[in-house]
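One structure below.
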Amino acid sequence: EAQVTQNPRYLITVTGKKLTVTCSQNMNHEYMSWYRQDPGLGLRQIYYSMNVEVTDKGDVPEGYKVSRKEKRNFPLILESPSPNQTSLYFCASSFIADLSYEQYFGPGTRLTVT
Amino acid sequence: SQQGEEDPQALSIQEGENATMNCSYKTSINNLQWYRQNSGRGLVHLILIRSNEREKHSGRLRVTLDTSKKSSSLLITASRAADTASYFCATGLRNNNDMRFGAGTRLTVKP
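Which chain is which? The protein sequence lines are P and X, in order. First residue of the first sequence? That's 2 in the working numbering, and the numbers climb one at a time after it. First residue of the second sequence? That's 4 in the working numbering, and the numbers climb one at a time after it.
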């Protein structure tokens with residue numbers, strides 16, 4: 002089954018404790034992206050990746066890191082989480098064809114930083 | 004910064020009625036997409052319209068795009084209670100490889 006998976010789905014952590022949210026897709030997509038969703042603000046892009054070893058900042062990259070060592074995986078790293086990073090996070094992936102692509106979203110990770 | 008802005012923020016209709024949601028954006032786009040999200044779940048792609056297209060249909064969905072006004076509309080005909088969800092427009096920008104989402108329209112279809 003074609004899908005994007007994220008782990009964990011729910012996470013409660015404390016300020017400053019490094020964490021990683023994993024994202025994996027099995028569709029051989031070149032493009033992968035991370036978003037956060039906050040009430041009233043919709044989805045805001047954190048980072049995206051056009052392919053292996055190619056990453057770029059989105060709208061709200063501060064406080065986050067990503068890596069793309071393999072095509073299928075795109076982990077999101079919070080080196081020192083803070084309460085303002087409490088949010089619902091989505092990973093997404095897509096093909097890139099003629100600059101038109103639909104994105105496939107993971108189920109989301111609800112993060113609470115206390 | 005957000006690129007797309009949906010209007011209205013919330014819409015409540017009776018089953019069987021049509022629902023129209025609008026999206027405005029600011030810069031030149033390659034394409035515009037509409038997504039649906041059930042509460043707390045991942046987004047599901049509904050339809051993509053390219054910048055050189057004016058109208059597109061998919062089942063009960065009809066999307067229009069007016070690049071001169073930088074706006075798009077999503078029409079859901081003969082709505083059902085199961086259509087209750089949030090709907091987002093997303094723009095693929097012309098000179099960029101990221102996507103920008105609006106804040107969404109919350110649609111409630113009453114049975």
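Using N, Cα and C, we set each Cβ at its ideal position, and we do this for glycine too.
Checklist entry - Name the chain X residues that come within less than 8 Å of Glu108 (chain P), Cβ to Cβ? => result For the purposes of this step, residue 108 (chain P) is identified with residue 107 of the first sequence, where counting begins at 1. Looking at the sequence itself, residue 108 (chain P) is Pro, so the reference to Glu does not match. Identification of chain X residues near Pro108 (chain P) by a Cβ-Cβ cut-off of 8 Å yields Arg44 and Gly45, ordered along the chain.
Checklist entry - Under the rule that 16 or more other beta-carbon atoms within 10 Å means buried, what is Gln38 (chain P), buried or exposed? => result Reading the first sequence from its first residue, position 37 is the one you call residue 38 (chain P). Under this definition Gln38 (chain P) is a buried residue.
Item to check | Contact list for Ala106 (chain X) against chain P, beta-carbon separation under 8 Å | outcome: Here residue 106 (chain X) corresponds to residue number 103 of the second sequence, with the count starting at 1. Gly41, Leu42 and Gly43, listed in chain order.
Checklist entry - Counting Cβ pairs closer than 8 Å, one from the segment 28–43 of chain P and one from the segment 90–98 of chain P, do we hit at least three? => result yes
Next on the checklist: Using 8 Å as the cut-off, can you tell me whether the segment 15–26 of chain X makes contact with the segment 101–108 of chain P, which would need three or more C-beta pairs spanning the two stretches below that distance?
Outcome noted: No: fewer than three Cβ pairs fall under 8 Å.
Item to check | Exposure of Ser50 (chain P), with buried meaning 16 or more beta-carbon neighbours within 10 Å | outcome: By one-based count along the first sequence, residue 50 (chain P) stands at place 49. Buried, since its Cβ has 16 or more Cβ neighbours within 10 Å.
Next on the checklist: Strictly below 9 Å CB to CB, what residues from chain X border Gln46 (chain P)?
Outcome noted: As a first step, residue 46 (chain P) must be located in the first sequence, where it is residue number 45. Correct list: Asp101, Met102, Arg103 and Phe104.
Next on the checklist: Just verifying my parser: in three-state terms, what is the DSSP assignment at Ser4 (chain X)?
Outcome noted: The residue you call residue 4 (chain X) lines up with position 1 of the second sequence. Its pLDDT being 47, under 50, Ser4 (chain X) is placed unreliably by the model, and nothing is read from it.
Checklist entry - So what does DSSP say about Ala84 (chain X), is it helix, strand or coil? => result One-based indexing of the second sequence puts residue 84 (chain X) at position 81. Here Ala84 (chain X) sits in helix by DSSP.
Item to check | Opposing strand residues paired with Gly1 (chain P) [DSSP bridges] | outcome: A question about residue 1 (chain P) goes unanswered here, because the residues of chain P that appear run from 2 up to 115.
Checklist entry - Do Thr80 (chain X) and Arg63 (chain X) have their CB atoms nearer than 9 Å? => result On the second sequence, residue 80 (chain X) is found 77 positions in, with the first residue counted as 1. On the second sequence, residue 63 (chain X) is found 60 positions in, with the first residue counted as 1. By the CB criterion at 9 Å, Thr80 (chain X) and Arg63 (chain X) fall inside the cutoff.
Next on the checklist: Classify Ile47 (chain P): buried if its beta carbon has 16 or more other beta carbons within 10 angstroms, exposed otherwise.
Outcome noted: Here the question's residue 47 (chain P) lines up with position 46 in the first sequence. Using a 10 angstroms sphere on the CB of Ile47 (chain P), the tally of other CB atoms reaches 16 or more, which defines it as buried.
Checklist entry - How would you list, in chain order, the residues of chain X whose beta-carbon sits under 7 Å from the beta-carbon of Glu103 (chain P)? => result Here residue 103 (chain P) corresponds to residue number 102 of the first sequence, with the count starting at 1. Result: Gln36, His48 and Leu51.
Next on the checklist: Excluding the 5 residues flanking Ala84 (chain X) on each side, which residues of the same chain have their C-beta closer than 8 Å to its C-beta?
Outcome noted: For the purposes of this step, residue 84 (chain X) is taken as the residue at position 81 of the second sequence. Answer for Ala84 (chain X): Glu18, Val112, Lys113 and Pro114, listed in chain order.
Item to check | Proximity of Thr94 (chain X) and Ile32 (chain X) at Cβ, strictly below 9 Å | outcome: Within the second sequence, numbered from 1, the residue matching residue 94 (chain X) stands at position 91. Within the second sequence, numbered from 1, the residue matching residue 32 (chain X) stands at position 29. Cβ atoms of Thr94 (chain X) and Ile32 (chain X): closer than 9 Å.
Next on the checklist: Between Ala93 (chain X) and chain P, is any beta-carbon pair separated by less than 9 Å?
Outcome noted: The residue labelled residue 93 (chain X) in the question sits at position 90 within the second sequence. Judged by the 9 Å Cβ criterion, Ala93 (chain X) is in contact with chain P.
Checklist entry - For Phe91 (chain P), which residues in chain X fall below 9 Å Cβ to Cβ? => result Sequence index remark: in the first sequence, residue 91 (chain P) carries index 90 (1-based). Within 9 Å Cβ-Cβ: Gly45 and Leu46.
Checklist entry - Got a sec? Which residues, its chain only, sit under 7 Å from Pro11 (chain X) by beta carbon, not counting five neighbours each side? => result Locating residue 11 (chain X) in the second sequence gives position 8, where the first residue counts as 1. Hits under 7 Å: Thr108.
Item to check | Buried versus exposed call for Met28 (chain P) [16 or more other C-beta atoms within 10 Å across all chains shown] | outcome: One-based indexing of the first sequence puts residue 28 (chain P) at position 27. Exposed.
Item to check | Helix, strand or coil at Asp99 (chain P) according to DSSP, with G and I counted as helix | outcome: The residue labelled residue 99 (chain P) in the question sits at position 98 within the first sequence. With a pLDDT of 46 at Asp99 (chain P), under the threshold of 50, the predicted position of this residue should be treated as unreliable, though the coordinate-derived value follows. It is coil, neither helix nor strand.
Checklist entry - For the candidate residues P:Glu54, P:Gln26, P:Leu12 and P:Glu2, whose alpha-carbon lies nearest to that of Ser88 (chain P)? => result Counting from 1 along the first sequence, the entry for residue 88 (chain P) is found at position 87. Cα-wise, what sits closest to Ser88 (chain P) is P:Leu12.
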